[in-house]
Each structure stands twice: as structure tokens, then as C-alpha cells.
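In terms of my numbering, the sequence shown opens at residue 592 and continues consecutively. Okay, structure first, notes after.
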Amino acid sequence: MSQNELVSVIIPTYNRANLILQAVKSVLNQTYKNFEIIIVDDGSSDNTEDVINVIHDNRIRYIKHAINKGASAARNTGIREAKGKYIAFQDSDDHWLPDKLEKQVKRIENTPDHVGAVFGGYWIIGKGNEKRYFPEQVIKDGNIFHTLLKGNVVGMPVVMIKKICFDKVGYFNETLPALEDWELLLRISRDYEFLYINEPLVTVYETENSISMHMENTVKAWKYIFDKYLDIISEDHTTLALHYYTLGKYLIRSGNFSGGRKLIFKAVKTNPRNYKYLIESSMLMLGRRVYSSQFIWKGINKINRWRKSKS
């Protein structure tokens with residue numbers, strides 16, 4: 592494999608001076624060396640710039656927004672500044688495995704124009720240090736649009752995208768309060784095929800500050816995506832039911848118990864053979880207190896894990 596193709600690595604960050612250094616080092620330690628790092632500081636008030644200035648590497652560019660604009664705006668700034676043929680994204684609290692770029696460039700170089708991106712799996716480290724691999728399902732190379740309609744199986748830290756894709760489909764939607772990566776990948780996957788590397792390339796750490804942890808933002812963004820693709824989603828009853836169920840769960844977690852319950856009941860009506868929806872709806876009929884019982888959910892989760900092990 593040649594190292595002729597430049598990869599632009601974009602790292603958006605905001606008030607994470609204590610984490611940014613390890614994120615940058617995980618890029619600098621890559622076995623593939625022909626890259627540039629564009630750090631977009633989204634108006635941090637901490638000493639992020641001082642931390643970056645300690646790193647002496649001419650492949651690093653530091654750009655700072657005068658005010659905080661959000662992760663999408665920071666990534667878009669990086670894309671506009673990028674000089675590489677390929678764009679990769681690193682979050683300031685995640686860690687790349689050393690051969691991530693090498694494996695991705697090897698898969699995507701010399702591919703035809705209809706191939707737009709390559710991604711891999713990743714380890715997720717939860718708040719209690721539990722470790723799980725994502726995605727759980729088998730992904731095949733090619734058109735993954737309908738797979739993505741069921742949920743984001745990609746994620747920005749593990750995807751590498753040809754820069755020409757952004758010229759056709761546009762950049763991140765800066766109006767979305769969450770799920771902006773999923774929304775962009777849906778647009779790209781309608782026009783381009785994806786390649787998949789079935790092994791972990793990144794370690795992702797869940798934190799309380801992650802946008803995905805703020806359920807109200809997630810609900811707003813999911814509704815936007817659901818409404819945008821409703822005609823296509825409605826063509827498959829299992830996909831439609833999954834959206835009802837997931838959005839219902841998020842509504843409940845955001846405090847809207849009655850709204851969430853209605854959507855989960857709609858999921859059962861749309862796909863009455865799904866045992867998970869049936870169990871959830873039964874618990875919802877017993878009221879908020881029973882539904883919220885951690886003891887009951889631990890038992891259900893044990894049953895779910897047992898069912899998966901037998902399938």
C-alpha cells in the first residue's frame with residue numbers, strides 16, 4: 592500500500608483540555624503517516640490551545656471559533672479547511688487503534704466513484720467500564736442506506752469518507768441538536784456505497800457530557816430524521832415499528848411518559864410479533880412505578896441476554 596493519499600483528520604473539541612492530548616496522540620501514533628490533523632476548537636474557555644501548542648508537529652493545524660457553535664459547525668469548519676482526498680473524524684475523548692488509517696486507506700484506495708466511505712467496528716467503554724463491541728449485526732459492503740434507516744451502525748470516529756461526497760450531499764446539518772452524524776451518513780449512503788472492516792478500529796468512551804446522553808435533544812433529532820424519511824420507513828413494517836419503539840423509549844427517558852407509551856403501543860400494533868415490544872407494553876400498562884423498577888429490568892435484561900446466546 593502506498594502512502595501517497597493525504598488523509599485529513601478533523602478533531603472538534605470544546606473545553607476538553609484534559610482529553611485532547613490523548614486523542615491527538617492516537618492519530619500521531621498511526622502506522623499510516625500521510626495525514627493532516629485539523630483541530631477545531633469550538634470556543635473553549637479552558638487551556639486547550641496551550642495543550643495543543645506543546646505538540647510540535649507540522650501536520651497539526653489549530654483553528655478556534657470565537658464563540659461556541661456546536662460540534663456540527665466545528666466539523667464543517669474542518670471539512671472546508673481539509674486538503675486531503677479522504678476525511679476522517681476523531682472525537683476529543685476517543686482513541687484510535689494504531690492501524691486504523693492504514694486499514695481504511697488500503698480498503699478504499701483505487702475504488703470506483705460510487706464507493707464513498709469505509710468504516711469499521713469499535714469498542715464502547717461504558718460509564719461502569721463495561722466493554723462491548725459495536726455493531727452487533729453483520730454488515731456487508733455495498734448499499735447500507737436501509738440498514739442505516741434502522742439506526743446508526745457507523746459512527747463518526749470509525750468512518751473515512753471521500754471528500755468528493757461532501758461536494759454532492761453537503762455538510763453536517765448545524766440545526767440538529769444531536770444525531771447529526773447519523774443524518775449526514777444517511778444522505779451519503781443514498782448516493783454512495785460503503786465498505787466495512789469487521790474488526791475494532793477505535794475505542795469510544797461514553798461520558799455524561801456526550802450529546803447522546805441528553806434525551807430531549809435526541810428526541811428532537813430523531814423526530815426530524817423520522818419525518819424526513821417517513822415515506823421510505825413506512826414501506827417496511829419492522830423498520831416503522833422500530834422507530835416507534837425507539838422514539839417512545841427516548842420520550843420516556845426525557846420525561847414524557849404518556850407520549851412514549853403511546854408510541855410503544857403503536858410499535859406493538861405495527862409489529863405484534865416482536866416479543867420485546869410486547870413485554871415493554873405490558874409493563875407500561877402496569878404504570879410508571881412498575882415500568883421504572885430497576886429490579887424488574889435487570890431480570891428482563893438477563894432473559895434478553897439468554898435469548899441472544901441461544902439464537
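We treat Cβ as the ideally placed atom computed from N, Cα and C, and that holds for glycine. Please read all numbers here as calculations on a predicted model, not as lab measurements.
Given a cut-off of 8 Å on the beta-carbon distance, is the pair residue i and residue j in contact?
i      : j      : result
Ile735 : Val795 : no
Ser663 : Glu771 : yes
Lys674 : Gln621 : no
Trp653 : Glu672 : Residue 653 is actually Tyr in this sequence, not Trp. Taking 8 Å as the Cβ cut-off, Tyr653 and Glu672 do not qualify as a contacting pair.
Pro748 : Phe848 : no
Trp687 : Val615 : no
Ser780 : Leu821 : no
Glu790 : Val696 : no
Ile824 : Lys694 : no
Lys814 : Leu838 : yes
Glu797 : Gly717 : yes
From residue i to residue j, what does the alpha carbon distance come to, in whole angstroms?
i      : j      : result
Thr604 : Leu786 : 28 Å
Tyr762 : Ile678 : 12 Å
His834 : Tyr783 : 24 Å
Ala832 : Gln594 : 46 Å
Gln728 : His828 : 19 Å
Thr861 : Ile730 : 26 Å
Asn609 : Val744 : 29 Å
Lys676 : Arg844 : 41 Å
Asp685 : Gly711 : 15 Å
Ile802 : Leu854 : Reliability of the predicted coordinates at Ile802 is poor, the pLDDT of 45 falling under 50, and no value is obtained from them.
Ser883 : Asn808 : 21 Å
Lys840 : Glu871 : 10 Å
Arg650 : Tyr866 : 52 Å
Thr668 : Gly742 : 26 Å
Ile752 : Ile643 : 25 Å
Asn606 : His656 : 12 Å
Arg666 : Leu767 : 13 Å
Lys660 : Gly634 : 8 Å
Asp704 : His737 : 20 Å
Ser873 : Val859 : 10 Å
Lys658 : Ala769 : Per the sequence presented here, residue 658 reads as Ile, with Lys not at that position. About 19 Å.
Lys819 : Lys811 : 12 Å
Phe856 : Cys756 : 39 Å
Is it buried or exposed, residue i, if we count other Cβ atoms within 10 angstroms and call 16 or more buried?
i      : result
Gln613 : exposed
Thr702 : exposed
Tyr868 : buried
Ala708 : buried
Glu648 : A small correction: the amino acid at residue 648 is Asp; Glu does not occupy that position in the sequence shown. Under this definition Asp648 is an exposed residue.
Asn638 : exposed
Ile611 : buried
Glu551 : Here the chain has residues from 592 to 902 only, and residue 551 is not among them.
Gly945 : As shown, the chain starts at 592 and ends at 902. That puts residue 945 outside it, with no answer to give.
Gly878 : exposed
Gly851 : buried
Pro726 : buried
Let's see if you can read the secondary structure: which residues bound the alpha helix (DSSP H) around residue i?
i      : result
Ile651 : Unbroken run through Ile651 is the beta strand (DSSP E), 651-655; no alpha helix (DSSP H).
Val744 : Neither: Val744 is in no alpha helix (DSSP H) and is coded neither H nor E.
Ala812 : 806-819
Tyr762 : Looking at the DSSP string, Tyr762 is not in any alpha helix (DSSP H), and its letter there is neither H nor E.
Ala832 : 828-844
Ile670 : 662-672
Lys694 : 691-699
Arg852 : 848-861
Ile730 : Looking at the DSSP string, Ile730 is not in any alpha helix (DSSP H), and its letter there is neither H nor E.
Along the chain, where does the beta strand (DSSP E) containing residue i start, and where does it finish?
i      : result
Phe725 : 722-725
Ile630 : 626-632
Val598 : 598-604
Ile752 : 750-753
Tyr713 : 706-716
Asn789 : 784-796
Tyr677 : 677-680
Got a sec: is the Cβ-Cβ distance from residue i to anything in chain D below 8 Å?
i      : result
Asn659 : Note that chain D does not occur in the displayed structure, where there is just one protein chain.
query = Are three or more beta carbon pairs between the stretch 595-603 and the stretch 617-631 nearer than 8 Å?
reply = yes
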